[in-house]
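A.B. asks: According to the UniProt record's numbering, the residues represented by the sequence shown are 1 to 313, in order. Ideal placement from N, C-alpha and C gives every residue a C-beta, glycine not left out.
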Amino acid sequence: MKKHKLNLILLLSFLAICLLISFLYEPVLSNWMTVRVPSLKSQDGLSFPPYSPNTVKPFGTDLVGFTLLSKLIQGFKYTFIIVFFLSLAQLTISFIISSFTFKYQKKRWVGYVLTYLDKLLTLFPKPFLLLLLIIPIYFTTIFNTEPNPSSNQVLLIKQLIVLLLISLPNLIQLFHNELIYLFQTDYAKASLVLGSTPRRMMLVALRPQLNILSFALFFKTVTQNLALFVYLAYFNYFLGGTLLIELDLGTQYYLPLSNEWSGIIGQNIQYLAVTPWTLLIPMAAYCLFIFIVSQINQNLKSILTGVEANEII
Numbered sequence: 001m002k003k004h005k006l007n008l009i010l011l012l013s014f015l016a017i018c019l020l021i022s023f024l025y026e027p028v029l030s031n032w033m034t035v036r037v038p039s040l041k042s043q044d045g046l047s048f049p050p051y052s053p054n055t056v057k058p059f060g061t062d063l064v065g066f067t068l069l070s071k072l073i074q075g076f077k078y079t080f081i082i083v084f085f086l087s088l089a090q091l092t093i094s095f096i097i098s099s100f101t102f103k104y105q106k107k108r109w110v111g112y113v114l115t116y117l118d119k120l121l122t123l124f125p126k127p128f129l130l131l132l133l134i135i136p137i138y139f140t141t142i143f144n145t146e147p148n149p150s151s152n153q154v155l156l157i158k159q160l161i162v163l164l165l166i167s168l169p170n171l172i173q174l175f176h177n178e179l180i181y182l183f184q185t186d187y188a189k190a191s192l193v194l195g196s197t198p199r200r201m202m203l204v205a206l207r208p209q210l211n212i213l214s215f216a217l218f219f220k221t222v223t224q225n226l227a228l229f230v231y232l233a234y235f236n237y238f239l240g241g242t243l244l245i246e247l248d249l250g251t252q253y254y255l256p257l258s259n260e261w262s263g264i265i266g267q268n269i270q271y272l273a274v275t276p277w278t279l280l281i282p283m284a285a286y287c288l289f290i291f292i293v294s295q296i297n298q299n300l301k302s303i304l305t306g307v308e309a310n311e312i313i
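(1) Under the DSSP definition of a beta bridge, which residues are partnered with Gly65?
(2) Quick one: using the 10 Å Cβ neighbour count with 16 as the cut-off for buried, is Asp186 buried or exposed?
(3) Does the pairing of the region 37-57 with the region 20-27 give three or more beta-carbon distances under 8 Å?
(4) Between Leu72 and Ala273, what straight-line distance do the alpha-carbon atoms span, to the nearest angstrom?
(5) To the nearest angstrom, report how far apart Ser52 and Thr275 are at their CA atoms.
(6) Just verifying my parser: in three-state terms, what is the DSSP assignment at Ser258?
(7) How is the beta strand (DSSP E) around Ser47 delimited, first residue to last?
(8) Which of helix, strand or coil does DSSP assign to Glu178?
(9) Are the beta-carbon atoms of Phe175 and Ser258 separated by less than 8 Å?
(10) Give me whichever residues DSSP pairs with Leu243 in a beta bridge.
(11) Buried or exposed for Ile312, going by 16 or more other Cβ atoms inside 10 Å?
(12) In whole angstroms, give me the CA-to-CA distance for Ile303 and Ala16.
(13) Within the continuous beta strand (DSSP E) that includes Ser42, where are the two ends?
(14) Using the Cβ count rule (16 or more neighbours within 10 Å means buried), how would you classify Leu163?
(15) What is the C-beta distance between Ile296 and Leu12, in whole angstroms, given that I count them as a contact (C-beta under 8 Å)?
(16) Could you pull out every residue in the same chain whose Cβ sits closer than 7 Å to the Cβ of Ala285, ignoring the five residues on either side in sequence?
(17) Compare the Cα-Cα distances from Tyr78 to each of Leu226, Asn170, Thr61, Thr67 and report the closest residue.
(18) What is the residue span of the alpha helix (DSSP H) that Leu120 lies within?
(19) Rounded to whole angstroms, what is the Cα-Cα separation between Lys301 and Phe215?
(20) With 16 other CB atoms within 10 Å as the buried threshold, where does Pro50 fall?
(21) Using a Cβ-Cβ cutoff of less than 6 Å, which residues in the same chain neighbour Ile172 once the five nearest sequence positions on both sides are dropped?
(22) Would you kindly check if the distance between the Cβ of Thr221 and the Cβ of Leu91 is under 8 Å?
(23) On the premise that Tyr253 lies in contact with Val64, defined as a C-beta separation below 8 Å, what is that separation, rounded to the nearest angstrom?
(24) Per DSSP, which residues does Arg36 bridge with? Please list them.
(25) Return the residue from the list Gly240, Val83, Leu228, Pro127 that minimises the CA-CA distance to Ile157.
(26) Closest to Ile135 by CA distance: which of Lys2, Asn268, Gly263, Phe238 is it?
(27) With DSSP run on the structure shown, which of helix, strand or coil describes Val193?
(28) Mapping the DSSP letters down to three states, classify Phe95 as helix, strand or coil.
(29) Return the Cβ separation of Trp277 and Phe76 in integer angstroms, given the expectation that the two are a contact with Cβ distance under 8 Å.
If you want it as structure tokens, here you go:
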């Protein structure tokens, strides 16, 4: 148990340090870091980006000369904040709704709605449904407004609303089924007979079980959202907006305005064969973030249940 607590402290401390460094980027770090390398002079003459990690250390630059290190540092806080609060909102709203569906579970319409939503997501996979809903919103916002901080914020809010809504049905179903299971236990039935209310039981008696479920679903939702971010970025639909520039005649390059990590991955996918470091380095950082989230989940689960993570089904 002590090992899990120590691991959890180390993992959370590492994330906190990374967040602090990211928040210090604009006011402090950007003033002395190399943010962009537009050109370099050498014995062979003048060269232009992209530059490999051997030329511009430690991670090289993208196709327009921005150093990957500065982009990763700047973008981490946006990646973390967006996925954290989005997942928290999804979990909170789904639990509130599932509390109502549980309360009125004997109503016929509750069963119909839950069954319909379950079949809808079975017929239409979540990534496909996400694209189907977000493309019209994206183009409507882009073509009807000039790119500016206000329009970018509006676009980000719309994107987050879509991401929030498509994940709610599964979470509502999971919470609903868990509440039904918990209230069918002998302990819950005895508590109800003795005068306890369902609301009080959820807040007090069943709170440990619901906490374990909530944390597990939260980290699972974080991982799923991170995967959906990359899926969107693959089609150049970056969170917070996209800047399209022309590198040369007929060559277009998409830039994520927020430098959110999935956007950095998405903008460089098609250049894997030419400039592999522009994709592999951000992807390695993204995978490391997902791995840390997974490890936090496993250690926290072991602490809450008192069971080793590999023994938990």
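C.D. replies: A quick look at the data gives this:
(1) Position 65 of the sequence shown, counted from the start, is the residue given in the question as residue 65. Bridge partners of Gly65: none, in fact.
(2) Translated into positions along the sequence shown, residue 186 becomes position 186. That one is exposed.
(3) Under the 8 Å Cβ criterion, the region 37-57 does not count as touching the region 20-27, having fewer than three qualifying pairs.
(4) As a first step, residue 72 is located in the sequence shown; it is residue number 72 there, counting from the start. As a first step, residue 273 is located in the sequence shown; it is residue number 273 there, counting from the start. Inter-residue distance for Leu72 and Ala273 is about 21 Å (C-alpha atoms, whole angstroms).
(5) Within the sequence shown, the letter at position 52 stands for residue 52. Within the sequence shown, the letter at position 275 stands for residue 275. Rounded to whole angstroms, the separation of the alpha carbons of Thr275 and Ser52 is 8 Å.
(6) For this step, residue 258 is matched to residue 258 along the sequence shown. Per DSSP, reduced to three states, the secondary structure at Ser258 is coil, with no helix or strand assignment.
(7) As a first step, residue 47 must be located in the sequence shown, where it is residue number 47. For Ser47, the enclosing beta strand (DSSP E) begins and ends at 45-47.
(8) By 1-based counting over the sequence shown, the position of residue 178 is 178. Here Glu178 carries a helix assignment [DSSP, helix/strand/coil].
(9) Taking the first residue of the sequence shown as 1, we reach residue 175 at position 175. Taking the first residue of the sequence shown as 1, we reach residue 258 at position 258. The answer is no: Cβ separation not under 8 Å.
(10) Numbered from its first residue, the sequence shown carries residue 243 at position 243. Under DSSP, Leu243 shares a beta bridge with Leu255.
(11) Within the sequence shown, residue 312 is the residue found at index 312, counting from 1. Here Ile312 scores only 42 on pLDDT, less than 50, and its place in the model is too uncertain to base an answer on.
(12) The sequence position of residue 303 within the sequence shown is 303, counting from 1. The sequence position of residue 16 within the sequence shown is 16, counting from 1. Each residue's alpha carbon lies about 20 Å from the other.
(13) Here residue 42 is taken as the residue at index 42 of the sequence shown, counted from 1. From DSSP, the beta strand (DSSP E) with Ser42 extends over 40-42.
(14) Looking up residue 163 in the sequence shown gives position 163. Around the Cβ of Leu163, a 10 Å sphere holds 16 or more other Cβ atoms; the residue is buried.
(15) In the sequence shown, residue 296 corresponds to position 296, counting from 1. In the sequence shown, residue 12 corresponds to position 12, counting from 1. So it is a contact: roughly 7 Å between Cβ atoms.
(16) One-based indexing of the sequence shown puts residue 285 at position 285. Cβ contact annotation for Ala285 (same chain, cutoff 7 Å, sequence separation greater than five): Leu72, Trp261, in chain order.
(17) As a first step, residue 78 is located in the sequence shown; it is residue number 78 there, counting from the start. Ranking Leu226, Asn170, Thr61, Thr67 by Cα distance to Tyr78 puts Leu226 first.
(18) Mapped onto the sequence shown, residue 120 falls at position 120. Note, Leu120: alpha helix (DSSP H), 108-123.
(19) Working through the sequence shown from its first residue, we reach residue 301 at position 301. Working through the sequence shown from its first residue, we reach residue 215 at position 215. Just so you know, the alpha carbons of Lys301 and Phe215 end up roughly 8 Å apart.
(20) By 1-based counting over the sequence shown, the position of residue 50 is 50. Counting C-beta atoms within 10 angstroms of its own C-beta, Pro50 has 16 or more neighbours from the protein chains shown and is therefore classed as buried.
(21) For the purposes of this step, residue 172 is identified with residue 172 of the sequence shown, where counting begins at 1. If you ignore the 5 residues before and after Ile172, its C-beta comes within less than 6 Å of the C-beta of Ser94, Ile97, Ser98, all in its own chain and listed in chain order.
(22) Translated into positions along the sequence shown, residue 91 becomes position 91. Translated into positions along the sequence shown, residue 221 becomes position 221. Yes, Cβ-Cβ distance for Leu91 and Thr221 is below 8 Å.
(23) Here residue 64 corresponds to residue number 64 of the sequence shown, with the count starting at 1. Here residue 253 corresponds to residue number 253 of the sequence shown, with the count starting at 1. About 7 Å separates the Cβ atoms of Val64 and Tyr253, confirming a contact at the 8 Å cut-off.
(24) The residue you call residue 36 lines up with position 36 of the sequence shown. Arg36 pairs with Phe66.
(25) Here residue 157 corresponds to residue number 157 of the sequence shown, with the count starting at 1. Shortest Cα-Cα distance from Ile157 to any of Gly240, Val83, Leu228, Pro127 involves Gly240.
(26) The residue labelled residue 135 in the question sits at position 135 within the sequence shown. Closest option to Ile135, Cα to Cα, is Phe238.
(27) Position 193 of the sequence shown, counted from the start, is the residue given in the question as residue 193. Helix, per DSSP.
(28) Position 95 of the sequence shown, counted from the start, is the residue given in the question as residue 95. In the structure shown, Phe95 sits in a helix (DSSP, three-state: H, G or I).
(29) The residue given as residue 277 occupies position 277 in the sequence shown. The residue given as residue 76 occupies position 76 in the sequence shown. In fact, because the Cβ distance is near 18 Å, the residues do not count as touching under 8 Å.
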